[in-house]
Amino acid sequence: MAQGPPLSALRKDFPILSRRIDGKRLVYLDNAATTHKPVQVLGRIEEYYRRENANVHRGMHTLSQEATDAYEGARERIARFIGARSPKEIIFTKNATEALNLAAGSLSELAVGEGEKIVSTEMEHHSNLVPWQQAARRHGARLELLEVDMRTGLLDEGTFKEKIAGAKIVSLTHSSNVLGTINPVAKIAAMARKEGAYVVVDGAQSVPHMRVDVGSLGCDMLAFSGHKMCGPTGIGVLWGKEELLERMPPFLFGGDMISEVTFSGAKWNDLPWKFEAGTPPIAQAIGLGAACDYLKKAGMGRIRAHEMRLTKLALSLLSEQGDVRVFGPADAAKKGGVVAFGMEGAHPHDIAAILDREGIAVRSGHHCAQPLTRKLGVFATSRASFYFYNTGSEVEFFARSLEKVRKVFGGRRRGA
Amino acid sequence: MAQGPPLSALRKDFPILSRRIDGKRLVYLDNAATTHKPVQVLGRIEEYYRRENANVHRGMHTLSQEATDAYEGARERIARFIGARSPKEIIFTKNATEALNLAAGSLSELAVGEGEKIVSTEMEHHSNLVPWQQAARRHGARLELLEVDMRTGLLDEGTFKEKIAGAKIVSLTHSSNVLGTINPVAKIAAMARKEGAYVVVDGAQSVPHMRVDVGSLGCDMLAFSGHKMCGPTGIGVLWGKEELLERMPPFLFGGDMISEVTFSGAKWNDLPWKFEAGTPPIAQAIGLGAACDYLKKAGMGRIRAHEMRLTKLALSLLSEQGDVRVFGPADAAKKGGVVAFGMEGAHPHDIAAILDREGIAVRSGHHCAQPLTRKLGVFATSRASFYFYNTGSEVEFFARSLEKVRKVFGGRRRGA
Amino acid sequence: MGNIYTEAIVDYYQHPRKKGTIAEPTAQASGHNPSCGDSVSIQVRVSKGRISQARFMGSGCAISTAASSMLMEKVEGMRLSEARNLSKKDALALLGIGISHARLNCALLPLRTLKEALGQEGGEKMIKGPGKPKERRS
Amino acid sequence: MGNIYTEAIVDYYQHPRKKGTIAEPTAQASGHNPSCGDSVSIQVRVSKGRISQARFMGSGCAISTAASSMLMEKVEGMRLSEARNLSKKDALALLGIGISHARLNCALLPLRTLKEALGQEGGEKMIKGPGKPKERRS
Ligand SMILES: Cc1ncc(COP(=O)(O)O)c(C=O)c1O
Ligand SMILES: Cc1ncc(COP(=O)(O)O)c(C=O)c1O
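Residue numbers (the numbering used here), protein chains in the order written: chain A, 1 to 416; chain B, 1001 to 1416; chain C, 2001 to 2138; chain D, 3001 to 3138.
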């Protein structure tokens, strides 16, 4: 694990963190939505545009060669970052959602027939639920969901066996963007493989926050987004096992994904380009490569440990407030740095708006997980989510500031 | 039309243009592949990440509101830039290719049935050919192509009527990325509308280089890419008529494109978000908005006039070289700033490699238009393509430098 | 922006007036805010060209609840033609606070829903039965 | 990078040796460079474990043409086992120039195609008939 300076020293790399919101210091606790970008990443993108900018792959001239080297070099960095066997297994998309659509669209074509079964969970982000609903509909298959145990905030292991039996594809999130729950992916993947099912993992909330190794997960595909891990917007990744990607049909058509076209048909390019149609997000891929380097240097183990400390602190401070209800596992070790909560007598929207006046950024809503939110018995929740650049005193300030919400609505703190 | 300083004064906005390639001044003539970005655009992107960065649409906090305003503001700028009636008609994609896949996938679902006809042309980029081949296959329809008259480099108008008769969709490029040909889109669109066909236009090579107004074109959809018009990579646009977009089914699923999800189904969001799945390319959209402002200020009419002058000069200089063959219209008024050519005794690859040693960036290959290239009777061509920041002396230097190619291969200049 | 949590807003949020249902409504509709999950249903009873009764139900934030409640108070007794002509500005004025972009949807959801109940937005269509949600089903 | 258009390369490009076809080849394959449209077909005649004849046809740039021509010269007379073991480095060494990333495909297409003709890359499969292009048809 990387040693280096304490994580708090890295705050200086993020210019936006010294911003003031109406005179108040910004306390950014909306990292599950998107994270900020260090100057190292911004600098790399700027440098690309100022020195190397060109279209990739088909150019003989110097800029095009340099741009291609930088773009393909980013692919290698990202492959190493998640322990992929080869850069061929890294497909660049525009976000995790496109990656999951690609997986659902193309893998289900290969693997799912009429009357067959796809399995997901009740705690999915819409991006890993609706594409599978659509795929199931298209192929006359059915979608079954692993249930969330509302007491623990974990998937109900008791039903795994029955639900996974006979599945063709199991697609689940590694870490929930609402409950924070870290799912036992390796275990589920092992069960699924025994059934001959492919396993797709939504890593949008895990890859940025902990060491993720596709080999140890034992899955077939993994999707994640650059903007949630210090990278730019406009870039996502789908990792897939090479021999599986080889067999999957392409998803979007045109540009680089083609080997040969005639007026009547086409042959596809080799991996990974077979899945990359049109001019790719070149600068964004290069930026994500720089983000991986940055995170590696910070140390994914250290990041996870730091976020776990912040989560523990938040859970403990919120549990002292009797009118606050926290959703998801109560044990910081079982969850990512995501704390969703509600307050008696205050709508989540108003909580977020009132905290904003203190400079605190939290998110309120269904967090693109409406079915789960409804199962929690509410229409919306407020959510504080952490990254390595957050500090204990920010968490304390956030917990303390809930008093402002009570003040507005005349509530009294019902202490624990 | 904007007045302002001469276009050549704008070169200073492009840091990369003062780069040296192995000691030689960069002469960048690969603008049809991608253009460079002015500091105004780079600065806006950097500012976004340093001040406003947040996820859009669902946030109550200040950063999220500012990010949403900037993102939706960019949509308005782009809508105005192409004369759209409403920002709702602007859908952000990752590139023109995704935009054309969306059009082909979703519009053909609405409009094309078994045995019916889609029409395109022989001069399409793969990105506007293969998606329609696939759509035709999926719906049991057939794809017919308007032919290119090899003598003139123009579409053969004589066959329009017969080919377009009974078509359900006509999709064609506004300007060819190989021949440069500017197609009579308004005329074709009028014929197509009479047949009740929808008209999709690939504006990847026109929107950056001339004033394009969707109303005057008379089309139903228009696709283009940000990176070819001073904007960043990772952003494209699909414009569509509001009432058509309303009726088209969505294309990718998850995130923002959803209004309501249950465990068993989903309802879609309003336009334009119905077609924007997942976290959009926020910074890139904002960058493209800044690029539109930049281009508007430079003046699209002036840009077109300047490029026409450069093209005329190039055509005249190349026509003096007896071993050079130029493809496409000989009249600069009929084409964009794209000059594809071949040299006797030299393979296009080698031409590009030898020019690169002079600091000149041209592209060689099939330019993602294999069927057209094959129809030209070659495997590849070399292509010089201009933008407003190119100068007459760059064009002269390029034409003069072809002598270096002859020198390598011992050829003699066979004067005109 | 200024304080949006005025005494009035908080009072209407905590003690909403005109909340409930009507036994025999002559028009009704429900609206939904995709970005936050807020929803509201509105029922009205119209007789002789006047809204004799107006009620809302729903779950929402302080802004949307107060907006619903204030709007129902406002339209009860109003001529149908007048109610149909209520503008966004009118609806915002009721709240008496500055509304940021992000809260516009909260503040305008009740008006949008009322208009749907009273026929096409701004149109002169006859009052119809239960409004269908506007979103298309996949 | 240095000059890649050496006298030798240009000479092989303009006067390619071993270009043509073989009447009764025992193995053949064709290869294609998607990024630039270059293509090459290679035919060989193998008898008693030796390549007795090797020819190429195709259209390509100076680098790929010279590479094809030089490779054919090199492998004619070679033991099959030796030819199968030719490395990328061996193929590049024949050219005697530094090859940039962008030209690697040009320089290595002939070797890739030869290997396909002689059986699976690096494998010990028996010589088979006409090679199928590797790309999948949609
Ligand atoms: C005419 C034309 N259409 C479509 C495209 C595809 O654009 P992109 O690669 O940005 O998706 C291009 C650019 O290569 C083009 O020149
Ligand atoms: C668990 C999870 N999956 C998928 C996504 C979708 O990511 P994106 O919006 O970047 O496509 C998100 C982020 O919102 C997420 O939290």
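For every residue, glycine included, the Cβ atom is placed at its ideal position computed from N, Cα and C.
In this structure, Ala2029(C) places its C-beta atom within 8 Å of the C-beta atom of Thr2113(C). Against chain C, the CB of Ser1106(B) has no partner CB under 8 Å away; the residue lies outside that interface. Chain order gives the chain A residues near Thr1262(B) as Gln370, Pro371 and Arg374, where near means a beta carbon separation below 9 Å.
Inter-segment contact for the stretch 268 to 277 of chain A and the stretch 245 to 253 of chain A is present: three or more beta-carbon pairs are separated by less than 8 Å.
Remark: the C-beta of Asp1149(B) is outside contact range of ligand 1, defined as less than 7 Å to any heavy atom.
Look at Cys1219(B): its beta carbon is at least 7 Å from all of the heavy atoms in ligand 2.
Linking Thr1391(B) to Ser1008(B) through their CA atoms gives a straight-line distance of about 7 Å.
A distance below 8 Å separates the beta carbons of Ala361(A) and Val27(A). Using a cutoff of 7 Å, the CB of His3101(D) does not count as near ligand 2, since none of the ligand's heavy atoms is closer than that. Relative to the Cα of Gly218(A), the nearest Cα in the group Met229(A), Met191(A) and Ala167(A) belongs to Met191(A).
For Ser1382(B), the enclosing beta strand (DSSP E) stretches over residues Thr1381 to Ser1385. Taking the C-beta atoms as reference points, Thr1034(B) is found nearer than 8 Å to Lys1228(B). An exposed status is given to Leu1110(B), since fewer than 16 other beta-carbon atoms sit within 10 Å of its beta-carbon. Each residue's CA atom was taken as its position, placing Val338(A) and Gly180(A) some 5 Å apart.
DSSP links Arg20(A) through a beta bridge to Arg25(A).
Judged by beta-carbon spacing, Ala1141(B) lies beyond the 8 Å limit of Gly1105(B), meaning their Cβ atoms are not closer than that value.
Taking 7 Å as the cut-off, the C-beta of Thr1173(B) counts as close to a heavy atom of ligand 1. Under a criterion of Cβ atoms nearer than 9 Å, the residues of chain B adjacent to Gly3060(D) are, in order, His1347, His1349 and Phe1379. Trp1268(B) is bridged by DSSP to Ile1258(B). Of Gly1115(B), Phe1398(B), Lys1312(B) and Phe1327(B), the smallest CA-CA separation from Arg1151(B) is found for Phe1327(B).
Counted as a single uninterrupted DSSP element, the stretch harbouring Asp1156(B) is not any alpha helix (DSSP H), since DSSP gives it neither H nor E.
In this structure the stretch 279 to 286 of chain A does not touch the stretch 1148 to 1162 of chain B; the number of beta carbon pairs closer than 8 Å is below three.
With the rule of 3 Cβ pairs closer than 8 Å, the stretch 257 to 267 of chain A does not count as touching the stretch 293 to 312 of chain A. Counting only residues of its own chain and dropping the five nearest sequence neighbours on each side, Leu145(A) has a CB closer than 6 Å to the CB of Ser120, Thr121 and Glu122.
The C-beta distance from Arg383(A) to Arg363(A) rounds to 5 Å, short enough to meet the 8 Å contact threshold.
Rounded to whole angstroms, the separation of the alpha carbons of Asn1177(B) and Ala1096(B) is 13 Å.
Beta-bridge analysis with DSSP links Ile91(A) to Leu238(A).
For Phe409(A), the C-beta contacts it makes with chain C under 9 Å involve Tyr2005, Val2010, Tyr2013, Gln2014 and Ala2062, in order along the chain. For Thr1279(B), the distance from the CB to the nearest heavy atom of ligand 2 is below 7 Å. Within 8 Å of the CB of Gln133(A), no CB atom of chain D is found; the nearest one sits about 26 Å away. Going by beta carbons, Ile1082(B) and Leu1222(B) fall inside the 8 Å limit. For chain B, the residues of the stretch 235 to 260 of chain A that bring a beta carbon within less than 7 Å of one of its beta carbons are Ile235, Leu252, Phe253, Gly254, Gly255, Ile258 and Glu260, in chain order. For Gly255(A), the shortest C-beta to heavy atom distance toward ligand 1 is below 7 Å. Pairing Arg3084(D) with Leu3109(D) gives a Cβ-Cβ distance that is not under 8 Å. With 16 or more neighbouring CB atoms inside 10 Å of its own CB, Asn1183(B) falls in the buried class. At a cut-off of 7 Å, the beta-carbon of Gln1205(B) counts as near ligand 1: some heavy atom of the ligand is closer than that.
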